[in-house]
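In my numbering, the protein residues as written are 660 to 741. Backbone N, C-alpha and C define an ideal beta-carbon position, used for all residues, glycine too. Step one of this worksheet: look at the structure below.
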């Protein structure tokens, strides 16, 4: 999974946090995108911002993923042996 597509093209703030039992990815799209949506289909996170769509492939070894977006901040929580 690469976060560069957000930081390079859109100037968004994207971070990856590593914990003992999970990895958390966070992307701040800004409050003007507070109505953005996120969905998880198989191994792909799909983010829709107005007319734009971003697809993020989950890394191999991600056993369980949880996604949500609130106030324009996308959070992807990954469990497994990444």
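{"Asked": "Can you list, in chain order, the residues of its chain with a C-beta nearer than 6 Å to that of residue 672? Leave out the 5 residues immediately preceding and following it.", "Found": "687"}
{"Asked": "What residue range is occupied by the uninterrupted beta strand (DSSP E) comprising residue 691?", "Found": "First-last for residue 691: undefined, no H or E at that position."}
{"Asked": "How should residue 623 be labelled, buried or exposed, when 16 other C-beta atoms within 10 angstroms of its C-beta is the threshold for buried?", "Found": "Outside the shown range of the chain (660 to 741) lies residue 623, about which nothing can therefore be said."}
{"Asked": "Do you know how far the Cα of residue 694 is from the Cα of residue 713?", "Found": "15 Å"}
{"Asked": "Can you grab the Cα-Cα spacing for the pair residue 732 / residue 679, in whole Å?", "Found": "23 Å"}
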